[in-house]
Amino acid sequence: MNAGSLLIRGARVLTLDEGDREWPLADVVIENGRIAAIGPDAGTAWPRPFARTIEGRGLLAMPGLINAHFHSPGNLMKGSLPGLPLEIFMLHEVPPLAPSGDGGRLAYVRTMIGALEMLRRGVTAVHDDAYHVPVASVESIDAIMQAYADAGIRATVAIDQPNIVEYQKYPYLADVLPEAERRAMDDAPRQSTEELLALYGRLIERWHGAEDGRLAVAVSCSAPQRVTDDYFAGLSALSRRHDLPFNIHILETKLQRVLGREKFGKSLVRHVHDLGFLDERMMVIHAIWIDDDDIRLLADSGCTVAHNPICNLRLGSGVMPYGKLRAAGVPICLGSDEMNTDDSVNLWFVAKTAALLHTLATPDWRQWPQPAEMLAALTRGGARAMRRADRLGQLAVGFDADLVLLDLDTVSFTPLNDLRRQLVHCEDGGSVRTTIVAGRVVYEAGRITSVDEPALRAEMRELMAGCQAQQERAGREAARLEPYYREMVLRAAAVDVGMNRWLS
Ligand SMILES: [Zn+2]
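Laid out in structure tokens, this is it:
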């Protein structure tokens, strides 16, 4: 008997491998966290007894979903904000004058709450671009990593820490702000390149490959306009040296298109390309206000683009040119982005929204996103962005055993006409019965098995009560600064940038 062995006997199996192979009835054999065999009699033929057998009748086995873009620090804020454009939204998300940071326990519980919501909905891996307000620390980083270790989800985590003065990240803002506000921003805490790279060094040493490879590290510059040149270069070198994914938000808003022209005299995609940093390790997040030249550069670099359609709609950022990116051969993955811009971490909704949104781009229905490509973006696409495409995102022998079992006797699949279409257009996560990460059952029959979820939820409510004063202070500060940001946003909105990604 192998303590780490598990048999799923007689399930319908959707492998989502490159050939999109499907078994009407098959066994999945799992040993030591990997898929050891798949096939109609794989379990019967297996030479060793199993530690556990799950009867698969009436269930669908498929790869777990991968949330390719997420910021766990937003987990406290689901439902808290009205619809706002990114630049005003960020006044609440990362208050530019925040005086003090998160405590370790708050960061732990906050991360955990999001991880558990994902496991419940069949998300087995998350690519977390974690920011720290106002500065990153060993304590706040370790709290996040420890939460992912304990939750049992697979996680690749970056430190997303801008390190330039707030008003330098935007066009016009320095001119619009009163002198006193500018001076306060000059004095706000920022971390040096040396300090941040030292934190990365420790993060890699302590956590990269931890939990038998379940936890990993990515680098992040947040966005090219938010970091110093030497820090940007240091991150790029780190990404190459350790083959780490490099997270970068590019051209999420029209204002950023204007900024590229004002600050660098070119598109931000071309700017990153000209610096020599645009490569296959990069996961370019959003890529909405991109032009044809940008699309060519993205395609040539081999990077992956993370599409977050619900977040983009929530913040009115515009619509990513999905069809053009796909036609250029740019690999696409899907993300929820954070809980204050999606308000849930439901990747089923993300896929459905993406599938529907891009029908607006063309009357040629043959160009519209198809269910199979949405499912691939949710799985193999995310694995590629995490630089784990050779072992994650499909049910295949030798791959990590990250999978979900869905009950086919639910409203989503009754009657069952087309499995892939119903996964994208009918399923909402409610059919997920079992979630398995690295061969370990972490959610089943309505219960998280790795930690005491009700206790964590209760603690979250308690911690939130303690945060109220700080949240109110941040709200007042955002309200004070908002008129200046509003002026900046409206000024940028009026500029002709030679393209339009809004409907109007
Ligand atoms: Zn983001």
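The sequence shown begins at 1 in our numbering and counts up one residue at a time.
Idealized CB from N, CA, C, for every residue including glycine.
Being a predicted model, the structure only gives us computed values, none of them experimental.
Checklist line | Beta carbon shell of ligand 1 at less than 6 Å from a heavy atom | finding: Qualifying residues come out as 69, 71, 129, 249, 285 and 337.
Next item on the list: Report buried or exposed for residue 336, applying the criterion of at least 16 other Cβ atoms within 10 angstroms of its Cβ.
Entry: Flag for residue 336 reads buried.
Checklist line | With 16 other Cβ atoms within 10 Å as the buried cut-off, status of residue 163 | finding: A residue is called buried once 16 or more other Cβ atoms fall within 10 Å of its Cβ, and residue 163 is buried on that count.
Next item on the list: Figure out for me which residue from 194, 18, 293 and 210 has the closest Cα to the Cα of residue 227.
Entry: The option with the nearest alpha carbon to residue 227 is 194.
Note to self: According to DSSP, simplified to helix, strand and coil, what is residue 437?
What the structure shows: In this structure, residue 437 counts as strand in the three-state DSSP scheme.
Notebook entry, point to check: Among 425, 50, 351 and 153, which has the Cα closest to the Cα of residue 403?
Noted result: It is 153.
Check: What's the C-alpha gap between residue 439 and residue 190?
Finding: Straight-line Cα distance between these residues: approximately 41 Å.
Margin query: Rounding to the nearest angstrom, what Cα-Cα distance links residue 381 and residue 375 in this structure?
Written below: So the alpha carbons of these two residues sit roughly 9 Å apart.
Notebook entry, point to check: For residue 43, which residues of its own chain have a beta-carbon under 7 Å away from its beta-carbon, when the five flanking residues on both sides are left out?
Noted result: Contacts found: 7, 9, 27 and 29.
Check: Can you give the Cα-Cα distance for residue 350 and residue 159, rounded to whole angstroms?
Finding: So the two alpha carbons sit approximately 24 Å from each other.
Notebook entry, point to check: Where does the unbroken beta strand (DSSP E) through residue 332 begin, and where does it stop?
Noted result: Per DSSP, residue 332 is one residue of the beta strand (DSSP E) stretching across 332 to 334.
Item checked: Contact set for residue 330: own chain, Cβ-Cβ below 8 Å, skip 5 residues either direction -> Around residue 330: 295, 298, 299, 303, 304 and 305.
Check: For the region 37 to 82, which segments carrying the alpha helix (DSSP H) assignment without a break, of at least 4 residues, lie completely within its bounds, in sequence order?
Finding: Listed in chain order, the alpha helix (DSSP H) runs fully inside the region 37 to 82 are 42 to 45, counting runs of at least 4 residues.
Checklist line | Given 8 Å, three or more beta-carbon pairs between the region 239 to 247 and the region 164 to 179 | finding: With the cut-off at 8 Å, the region 239 to 247 and the region 164 to 179 do not touch.
Next item on the list: Name the two residues that bound the continuous beta strand (DSSP E) containing residue 207.
Entry: Note, residue 207: premise wrong, no beta strand (DSSP E); alpha helix (DSSP H) at 193 to 207.
Notebook entry, point to check: For the beta strand (DSSP E) that contains residue 307, what are its first and last residues?
Noted result: Residue 307 -> beta strand (DSSP E) spans 304 to 307.
Next item on the list: Report, in whole angstroms, the separation of the C-beta atoms of residue 205 and residue 185, which I expect to be a contact under 8 Å.
Entry: Actually they do not touch by this definition, with Cβ atoms about 33 Å apart.
Notebook entry, point to check: Which of the three DSSP states, helix, strand or coil, is assigned to residue 264?
Noted result: Residue 264 carries a helical assignment under DSSP once its states are collapsed to helix, strand and coil.
Note to self: Can you list, in chain order, the residues of its chain with a C-beta nearer than 7 Å to that of residue 441? Leave out the 5 residues immediately preceding and following it.
What the structure shows: Counting only Cβ-Cβ distances below 7 Å, and skipping sequence neighbours, we find 434 and 449.
Check: Among residues of its own chain, excluding the 5 on either side of residue 474, which ones have a beta-carbon nearer than 8 Å to its beta-carbon?
Finding: The answer, listed in chain order, is 92, 95 and 98.
Next item on the list: Going by CA-CA distance only, name the one from 288, 367 and 272 that's closest to residue 301.
Entry: Residue 301 has its Cα closest to that of 272, out of 288, 367 and 272.
Check: Does the separation of the CB atoms of residue 141 and residue 203 fall below 7 Å?
Finding: By the CB criterion at 7 Å, residue 141 and residue 203 fall inside the cutoff.
Check: Considering only C-alpha positions, which residue in the set 284, 458, 396 and 256 is nearest to residue 488?
Finding: The shortest C-alpha to C-alpha distance from residue 488 to any of 284, 458, 396 and 256 is the one to 256.
Next item on the list: May I ask you to report which of helix, strand or coil DSSP gives residue 506?
Entry: This structure cannot speak to residue 506, because the chain is shown only from 1 to 504.
Next item on the list: Measure the C-alpha to C-alpha separation of residue 215 and residue 225 and round it to an integer number of angstroms.
Entry: Our two residues, residue 215 and residue 225, have alpha carbons roughly 29 Å apart in a direct line.
Margin query: Can you tell me whether residue 248 is helix, strand or coil according to DSSP?
Written below: Residue state, collapsed to three classes: strand.
Item checked: residue 171 burial status per 10 Å Cβ neighbour count (16 or more: buried) -> With 16 or more other Cβ atoms within 10 Å, it is buried.
Next item on the list: Look at the alpha carbon of residue 501 and the alpha carbon of residue 312, and state the distance between them as a whole number of angstroms.
Entry: Residue 501 and residue 312: Cα-Cα distance of roughly 11 Å.
Next item on the list: Count the other C-beta atoms from every protein chain shown that fall within 10 angstroms of the C-beta of residue 365, then say buried if there are 16 or more, exposed otherwise.
Entry: Its Cβ having fewer than 16 others within 10 Å, residue 365 is exposed.
Next item on the list: Under the assumption that residue 68 contacts residue 127 (Cβ atoms under 8 Å), give the Cβ distance between them as a whole number of angstroms.
Entry: Confirmed, Cβ separation roughly 5 Å.
Note to self: Going by C-alpha to C-alpha distance, which of 131, 63 and 82 sits closest to residue 218?
What the structure shows: Checking every option, the nearest Cα to that of residue 218 belongs to 131.
Notebook entry, point to check: What's the C-alpha gap between residue 397 and residue 135?
Noted result: Straight-line Cα distance between these residues: approximately 43 Å.
Item checked: Rounded C-alpha distance that separates residue 19 from residue 326 -> A straight line joining the alpha-carbon of residue 19 with that of residue 326 spans about 19 Å.
Notebook entry, point to check: Going by other Cβ atoms of all chains shown within 10 Å of its Cβ, with 16 needed for buried, is residue 355 buried or exposed?
Noted result: Here residue 355 is buried, its C-beta having at least 16 other C-beta atoms within 10 Å.
Checklist line | CB of residue 505 within 7 Å of CB of residue 156, strictly | finding: This structure cannot speak to residue 505, because the chain is shown only from 1 to 504.
Check: DSSP beta-bridge partners for residue 88?
Finding: Under DSSP, no beta-bridge partner is assigned to residue 88.
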